[in-house]
Amino acid sequence: MEPVPTDFWGVVVPSWLGAVASIAASTVAVIAFINSLSAKGGVREIGEALNREPTVQREADVSVGVRLSATATVGPEPWSFDSDGQVGTFRNTSGQLLVVSGITSTGGIALTLRDQLPLDVPPTASFQVRLHQILGGPAVRGVTLEWVREDGELLSRTYYL
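Taking numbering that gives the first Met the number 0, the leading residue of the sequence shown gets 0, the next gets one more, and so forth.
Below, the structure is given as C-alpha cells:
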C-alpha cells in the first residue's frame with residue numbers, strides 16, 4: 000500500500016493554525032469566566048455595604064402630585080433585610096407599626112409577594128418575598144420597599160442583592 004501524498008501548506012498548516020486558535024479562544028473564555036466571578040463577588044460586597052447604610056428616601060409633597068425625595072440619615076434603620084438570592088426577608092426593627100405600601104424590583108429581578116398590599120408589619124415581625132433572577136440582567140440588582148410610618152410619613156429604601 001502506497002502512502003497518500005498530502006499538501007503540507009494547503010492541509011497541514013491550516014489544520015495546525017485552527018487547533019492553536021481554538022486553544023487560544025478557550026483560554027480567553029476561561030479567563031473571562033474567572034474575571035466575571037470575581038466581579039460578581041465585588042458587586043455583592045458593594046450591595047451588602049449599601050444595605051448597612053442607614054438611609055431612607057423621604058417622599059414630600061405627595062398631595063400636590065410632585066414627588067420630591069431627599070436622602071436623609073435616620074437611626075436606627077427601620078428594616079433589616081436578609082437574602083439568600085431566592086428568598087428575601089424583611090424584618091421590622093423600628094419599634095413601631097409600619098405599613099408596607101409597595102415593593103418593586105430593579106431590572107434582572109422579578110419578585111413575588113404572598114400577601115396583599117398594603118401589609119401591616121408590627122415591631123419585630125417579618126415577611127418574605129420570593130426572588131427570581133432573570134438571566135442576562137444587570138450586575139446590580141435591588142428591591143425597593145415603600146412604607147408608611149405611624150405618623151403618616153411615606154418612606155422608601157432600596158436593598159441590593
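Every residue, glycine too, gets a C-beta built ideally from N, C-alpha and C.
Fair warning: this is a prediction, and the values are worked out from it, not measured in the lab.
Contact between Leu116 and Gly87 fails: their C-beta atoms lie close to 15 angstroms from each other, not under 8 angstroms. Contact between Val128 and Val142 is confirmed by a C-beta separation of about 7 angstroms, below the 8 angstroms threshold.
Residue pairing from DSSP places Gln132 in a beta bridge opposite Ile108.
Under the DSSP assignment, Trp78 falls in the beta strand (DSSP E) whose first and last residues are 78-82. Check the Cα spacing between Gln132 and each of Tyr158, Leu97, Ala109: the tightest is with Ala109. Cβ neighbours of Thr157 within its own chain (closer than 6 angstroms, five residues either side excluded): Gly141, Thr143. Judged by DSSP secondary structure, Phe89 falls within the beta strand (DSSP E) whose first and last residues are 86-91. Glu145 sits close to Gly101, with the two beta carbons spaced by under 7 angstroms.
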